[in-house]
Every structure is written in structure tokens, then in C-alpha cells.
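Sequential numbering of the sequence shown, starting at 3, is according to the numbering used here. Beta carbons: idealized from backbone N, C-alpha and C, even for Gly.
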Amino acid sequence: MAKLFGQAATMTVRLVYLGIAARLLSPNDFGLVAMVTVVTGFFDLFTSAGLSLATVQRSEVTRQQISQLFWVNILVGSLLALLCVVCAPFIAQFYRDPRLFWIMVALAPGFLLAASGVQHSALLQRDLRYPALSVIDAVSQFGGACVGVGMAWTGYGYWALVAGLMATSALYTVGCWFATGWLPGRPRLGVDIWPMVCFGGTVTLNGIVVYVGYNLEKVILGRFWGPDVLGVYTRAVQLIGLPVNTINATVGGVFFSALSRLQDDPTRFRSFFLKGYTLITAVTVPTTLFCALFADEIVRLVLGPGWAQAVPIFRLMTPTILVLGIINPLFWVLASVGLQKRSLYVGLVLAPLVVVACLLGLPYGPNGVALSYSTVMVLWLFPHVAWCLHGTPVSVRDLARAVAGPFVAGAVAAACAFLLLQGIGEGLSPLLRLAIGGATMALVHGWILLFVAGYRSLYASVIADLGRPAGAEA
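Take a look at the structure:
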């Protein structure tokens with residue numbers, strides 16, 4: 003529950019920051035930074051090298067092993083910072099904008115900052131100290147937002163976004179060091195960390211494949227359509243993805259920690275995952291349908307009237323976000339039972355499909371890319387689920403049963419909200435339309451799940467289990 007409230011606070015901070023920054027900065031500012039962060043985001047996959055998950059996944063790990071992994075992370079972070087500087091002129095030349103050189107250079111120290119907190123964050127997650135992690139995340143996001151808004155207000159333009167990113171990273175690392183109170187020992191020879199490095203390497207490789215597949219469209223949009231179009235596209239994608247990403251962040255770490263400890267008990271493993279998954283979809287489905295239904299009102303209210311071009315992108319990307327909300331939790335199943343290589347193979351098939359689809363939509367601009375992206379993700383949904391769950395304690399039929407109730411309830415709730423607002427008309431303000439539509443959907447969706455489908459006892463059990471994730475099956 004602590005993580006739930008923490009993530010709610012974090013999402014609120016991000017949403018407010020996004021709205022304020024969108025009013026103080028131009029799409030060009032966001033596009034310039036996005037051109038760089040899509041590259042640094044790729045580099046960032048190597049910062050942890052999957053070693054944070056390796057620390058959490060292992061049933062037993064010594065402090066000397068963690069210290070050794072800390073120094074591996076530091077080495078990797080230092081190399082990435084140097085690589086960022088080396089690549090800066092090539093990125094500026096690729097996008098044909100010299101301003102990108104200094105943005106890349108300014109973001110380079112962030113890799114070392116992030117690397118120095120990887121194992122401290124993993125220790126907090128391994129010890130199930132989610133209240134501490136939630137506070138650290140919320141405080142770091144708030145601090146970064148304050149820096150970004152302050153600099154944007156005083157006219158620093160895109161540098162405000164750069165400074166906000168750096169401040170968030172620094173505050174998060176400092177918070178993790180302070181919360182753990184752990185100081186790494188000096189590196190030593192002979193410490194057995196190779197199995198953990200192999201695990202982390204596979205996770206990292208999988209992350210690389212998925213990242214390229216899910217983010218290459220930003221590179222090609224920036225290259226062929228320019229920073230203004232990319233700025234609009236990335237704000238729309240960030241806004242539509244924020245609720246689902248927050249939900250996954252809320253339960254993902256808890257799921258992975260708990261499922262890793264239940265991997266030798268298939269019955270309890272299956273029960274815990276399905277109960278949690280049902281709760282995730284009960285939030286993900288209506289949230290995504292709400293975003294699709296009220297895209298115009300959400301964009302106008304959050305980003306402002308100057309971002310009307312983001313509305314069709316926002317709406318066209320909702321199927322992609324819904325599919326990601328369904329398939330992302332399956333990674334925790336695979337990783338917790340040691341099948342992370344399968345996740346890599348799935349990514350190796352999905353990434354080229356997404357890249358080809360986005361290239362086909364590129365001539366039609368950001369709307370064409372968004373439509374192509376969503377089309378291929380919807381078509382890929384069933385093969386992805388079947389492949390991921392094959393041979394695990396969870397079956398496709400189990401998953402279908404888990405999502406059936408939330409899907410039906412969400413669809414009925416969305417239809418009721420739509421019909422109600424159609425009857426009221428267009429005279430209401432965006433805020434009032436969102437309030438009425440959201441309240442209607444929440445009431446109808448909740449009533450169907452809790453009183454018609456009878457999910458009350460299930461959700462009570464899920465909440466109890468999330469409070470003690472490694473505990474007995476409810």
C-alpha cells in the first residue's frame with residue numbers, strides 16, 4: 003500500500019510538471035531534448051546492466067557480492083558517460099542541429115550518478131522496503147520538477163528539461179544511499195558474481211531489443227520531421243503512457259520480489275500472480291479507455307490549448323498502451339522463474355515488427371506512425387501471451403479469465419460515460435467533462451466488478467498479499 007500511495011504521488015508530480023512545462027516551453031524545446039534522451043535512454047539500459055534484478059532475484063546473496071556488483075556498475079557508468087561525450091558530435095550531425103552536442107555532454111554525468119545508486123536501490127527492493135523507495139522516488143521527482151519549472155520560468159528553455167533530469171537522478175541516488183546506510187567494500191578478486199552477471203546480461207540484452215523496438219520511431223520522426231513534430235509526439239506518448247507506467251511501477255517490483263521467492267511453489271506462484279494481475283487490469287483497462295474517450299479534454303487540460311496536434315496521436319496510441327498494460331507483467335513471470343532468455347527471444351521477434359510498422363507509417367507523419375504502432379501491437383497480443391506463458395505455472399486460459407471481468411466492466415463503463423456526456427452536450431468545460439465522465443466510469447466499473455462479478459473478496463485478498471508479498475496464499 004505504501005508503494006501504491008508513493009506512486010500516486012509520483013504520478014501527480016509528473017503530471018503537474020508536464021502540464022506546467024508544456025505551458026512554459028515550446029514543442030521545439032521538448033523535441034530537442036527528446037532527440038538526445040532517446041539515445042541516452044538506450045545507453046541507460048547498460049547503467050544497471052541488469053545487476054539490480056540479479057541482486058533481487060537471487061535467493062541468497064552476500065554483501066561482498068553486492069559490493070563487487072557496485073563496482074561493476076560504477077565502471078559501466080563511467081564508460082557510458084565517456085561514450086556519451088564521444089557520441090555527441092555524431093548525434094548533432096545526424097539530426098543536423100549543433101545544439102544537441104552540448105545537451106549530450108550535459109547529460110553525460112548522469113550515467114555515473116545513476117550507476118552509483120543501482121545496488122542501493124536493489125537492496126531496498128530486496129528487503130521489501132517499498133515505503134522508503136516510494137518516498138525517495140516522489141521526493142526526487144518533486145525536486146527535479148522544481149528545478150525544471152524554476153529554470154523554465156526564468157527563460158532557460160530546453161536547458162530546464164536537462165537540469166530537471168539531472169536533479170531527479172542525483173536526488174534518487176542520494177536518497178537510496180541515505181536509506182540503506184550501506185557502504186560498498188573495496189573490489190576483490192575471487193568473488194563469485196558470474197552467474198549474476200550472466201543473468202543481468204540477458205536482462206540487459208532483452209531491454210536493448212525492446213527499447214529499440216519501442217523507441218526507434220522517435221529517432222526517425224526527429225530525423226525526418228524535425229524537433230517540433232517530435233516534441234508533440236513525445237508529449238502525447240508520455241501523457242497517455244503515464245497512468246499505465248505508474249501502475250506497472252507500483253506493482254512490478256513487488257511482483258518480482260514475491261514471485262522470485264515463490265518460484266519453487268507453482269500453486270502459490272500461480273495464485274499470487276493471477277490475483278495481482280486481475281487487480282492490475284481492473285485499473286489499466288478503464289484508465290486506458292477513459293483516455294481514448296476523453297483524449298481532447300485531457301490534452302487541453304494538461305498540456306494546454308496550444309497542443310491540439312497531440313490529440314490524435316494520444317488517441318491513436320491508446321491501443322498500444324492497453325496492450326503493453328496486458329503484456330508487461332508477463333516479464334515478471336519469466337524473470338522470476340529464470341526464463342529471461344525467452345523474454346529476449348520474444349523481443350527479438352517483436353522489435354522488428356514494430357520498426358517495420360513505424361517505417362510504413364512514417365510518410366504520414368506522427369499520426370501514421372502512431373496508427374501503425376498500435377496496429378502491430380494489437381495483432382501481436384495473442385502470440386505474445388501464448389509464447390510467454392508456455393510451460394509456466396500460468397496458462398493462457400488463466401490469463402483470459404483474469405482479464406475478462408475488467409474488460410467487460412471497462413467497456414460498459416466507457417459506454418455509459420459516453421452516452422451520458424452525449425446527452426449533456428458540448429457546453430461543459432474540459433475539467434467538468436472529465437470529472438463527470440471519470441466519476442461515471444469509476445462508479446459503473448466498480449459496481450460491476452464488486453457487486454455483479456463478485457470480486458470484492460478477491461481484491462481484499464490481493465491488497466493483503468501485496469502488503470506481505472512473500473506470505474501465504476490467500
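Point to revise | 8 Å Cβ cutoff met for A110 and V141 | key: At the C-beta level, A110 and V141 stay beyond 8 Å of one another.
Exercise for review: Could you say which of I329, A417, I438, V396 lies nearest to P385 if we only look at CA atoms?
Suggested key: Relative to P385, the option among I329, A417, I438, V396 whose CA is nearest is I329.
**Study point:** P186 and S28 closer than 8 Å at C-beta
**Key:** 8 Å or more divides the Cβ of P186 from the Cβ of S28.
Practice item. Compare the C-alpha of V212 against each of V348, V396, D31, Q95 and name the closest. Key: When only C-alpha atoms are compared, the closest one is V348.
**Study point:** Buried or exposed (CB count within 10 angstroms, at least 16 for buried), R480
**Key:** Residue 480 lies beyond the stretch modelled for the chain, which goes from 3 to 476, so this question has no answer here.
Practice item. Output yes or no for whether 8 Å exceeds the beta carbon distance between T236 and F96. Key: Taking 8 Å as the Cβ cut-off, T236 and F96 do not qualify as a contacting pair.
Point to revise | Selected residue, minimal CA-CA separation from D46, among L383, T322, T289, S80 | key: Checked all of L383, T322, T289, S80; the closest Cα to D46 is S80.
Review point. Any idea what DSSP makes of W184, helix, strand or coil?
Key: Note: W184 maps to coil in three-state DSSP.
Check your understanding: Is the beta carbon of I1 sitting closer than 8 Å to the one on F316?
Key -> Outside the displayed span of the chain (3 to 476) sits residue 1, for which this structure offers no information.
**Study point:** Proximity to T42 [Cα-Cα], best of A417, A455, A90, I222
**Key:** For the options A417, A455, A90, I222, the alpha carbon positioned closest to that of T42 is the one of A90.
**Study point:** Close Cβ partners of G473 (< 6 Å) along its chain, the five nearest in sequence each way excluded
**Key:** Residue placement at G473 cannot be trusted, given a pLDDT of 42 that sits under 50; what the coordinates show is reported in the next sentence. Correct list: empty, nothing qualifies.
**Study point:** Supposed close pair V40, V221 - CB separation, criterion 8 Å
**Key:** Right, the Cβ-Cβ distance comes to about 6 Å (below 8 Å), so this counts as a contact.
**Study point:** Cut-off 7 Å between Cβ atoms - residues of its own chain near L423, not counting five sequence neighbours on either side
**Key:** Counting only residues of its own chain and dropping the five nearest sequence neighbours on each side, L423 has a CB closer than 7 Å to the CB of R435, I438, G439.
Point to revise | Buried/exposed call for I138, threshold 16 Cβ in 10 Å | key: Classification for I138: buried.
Check your understanding: Skipping 5 residues on each side, what residues in its chain have a beta carbon closer than 7 Å to that of L17?
Key -> L244, V304, listed in sequence order.
Check your understanding: Do you know whose CA, among Q127, V149, L207, N250, lies nearest C178's CA?
Key -> With respect to the C-alpha of C178, the residue from Q127, V149, L207, N250 having the closest C-alpha is Q127.
Practice item. Using alpha carbons as the reference points, say which of C148, L336, C360 lies closest to A388. Key: Out of C148, L336, C360, the CA that lies nearest to the CA of A388 is found in L336.
Review point. What do you get for A462, buried or exposed, if any count of 16 or more other CB atoms within 10 angstroms of its CB means buried?
Key: It counts as exposed.
Review point. Taking the alpha helix (DSSP H) that N75 falls in, what are its first and last residues?
Key: Looking at the DSSP string, the run of the alpha helix (DSSP H) that includes N75 is 65-97.
Point to revise | For S338 and R98, the rounded distance between their alpha carbons | key: Looking at the two C-alpha atoms, the distance is approximately 44 Å.
Point to revise | For T322 and Y375, believed in contact at Cβ under 8 Å, the rounded distance | key: That belief holds up - the Cβ atoms of Y375 and T322 are roughly 5 Å apart, short of 8 Å.
Check your understanding: Alpha carbon to alpha carbon, what distance is there between V246 and T289?
Key -> Distance between the alpha carbons of T289 and V246 is about 8 Å.
**Study point:** Whether T175 touches S118 by CB criterion (8 Å)
**Key:** Between T175 and S118, the CB-CB gap stays under 8 Å.
Check your understanding: L318 by DSSP, collapsed to three states: which one?
Key -> DSSP, reduced to helix, strand and coil, places L318 within a helical segment of the structure shown.
Exercise for review: Determine the DSSP secondary structure at S397, reduced to helix, strand or coil.
Suggested key: Looking at S397 - three-state DSSP - the assignment turns out to be coil, as it is neither helix nor strand.
Exercise for review: Measure the Cβ-Cβ separation of Y279 and P331 and say whether it is below 8 Å.
Suggested key: Yes; because the gap between Cβ atoms is below 8 Å, this pair is in contact.
Point to revise | Pick from Q121, A312, T286 that is closest to Q67, judged by C-alpha positions | key: Among Q121, A312, T286, the Cα nearest to that of Q67 belongs to Q121.
Check your understanding: Distance, Cα to Cα, T14 vs G150?
Key -> The C-alpha of G150 is placed about 16 Å away from the C-alpha of T14.
**Study point:** Beta-carbon proximity of L223 to V231, cut-off 8 Å
**Key:** Yes, these two residues count as a Cβ contact at 8 Å.
Practice item. Compute the distance between the beta-carbons of Y158 and L34, then report whether it is under 8 Å. Key: Taking a C-beta distance under 8 Å as the contact criterion, Y158 and L34 do not qualify as a contact pair.
Practice item. Whole angstroms is fine: what's the gap from G363's alpha carbon to A353's? Key: Rounded to whole angstroms, G363 to A353 spans 16 Å at the Cα level.
Check your understanding: By DSSP, does N250 sit in helix, in strand, or in coil?
Key -> Reduced to three states, the DSSP call for N250 is helix.
Practice item. Spatial neighbours of Y216 within its chain, please: CB distance less than 7 Å, with the 5 preceding and 5 following residues excluded, ordered by chain position. Key: Excluding positions up to five away in sequence, the list reads V356.
Exercise for review: Go ahead and label F271 buried or exposed: buried means 16 or more other beta carbons lie within 10 angstroms of its beta carbon, across all protein chains shown.
Suggested key: Taking all protein chains in view, the Cβ of F271 is crowded by 16 or more other Cβ atoms within 10 Å, so the residue is classified as buried.
Point to revise | Residue from L452, V378, G429 with nearest C-alpha to A411 | key: Just measuring C-alpha positions, the residue of L452, V378, G429 sitting nearest A411 is L452.
**Study point:** Spatial neighbours of A134 in its chain, beta-carbon cut-off 6 Å, leaving aside the 5 residues before and after
**Key:** Closer than 6 Å at Cβ, skipping near neighbours: L126, A181.
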